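K.L.:
Offset between the sequence shown (1-based) and my numbering: plus 1223.
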Amino acid sequence: MGILFSHEGKIPAVYIAGGIGVAPFRGMILDIAAKKWPHAITLFYA
């Protein structure tokens, strides 16, 4: 278990997830897309 937070800065963010642990990241990425934040988000999933 870890700490999850959405990145609110103005720099690119990188998220790393595995297995079912991708679910919280999906929610955060959808929220970021809805807010149309200007920075890039990269998700690595294995």
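We put the beta carbon where it would ideally sit given N, CA and C, even for glycine. Quick caveat: nothing in here was measured; it's all calculated off a predicted structure.
With which residues is residue 1264 paired in a DSSP beta bridge?
P.N.:
Taking the sequence shown and counting its residues from 1, the one referred to as residue 1264 is at position 41. For residue 1264, which the question treats as bridged, DSSP gives the partners 1236.
K.L.:
Among the residues of its own chain, which have a CB less than 6 Å from the CB of residue 1267, if the five just before and after it don't count?
P.N.:
Position 44 of the sequence shown, counting from 1, holds the residue named residue 1267. Answer for residue 1267: 1239, listed in chain order.
K.L.:
Locate the alpha helix (DSSP H) running through residue 1241, then write down its first and last residues.
P.N.:
The residue given as residue 1241 occupies position 18 in the sequence shown. Segment: none, residue 1241 is in no alpha helix (DSSP H) and carries neither H nor E.
K.L.:
Between the C-alpha atoms of residue 1248 and residue 1234, what's the straight-line distance to the nearest angstrom?
P.N.:
Numbered from 1 along the sequence shown, position 25 holds the residue referred to as residue 1248. Numbered from 1 along the sequence shown, position 11 holds the residue referred to as residue 1234. Each residue's alpha carbon lies about 17 Å from the other.
K.L.:
Which value, in whole angstroms, describes the spacing of the CA atoms of residue 1243 and residue 1252?
P.N.:
Numbered from 1 along the sequence shown, position 20 holds the residue referred to as residue 1243. Numbered from 1 along the sequence shown, position 29 holds the residue referred to as residue 1252. Roughly 15 Å between the two C-alpha positions.
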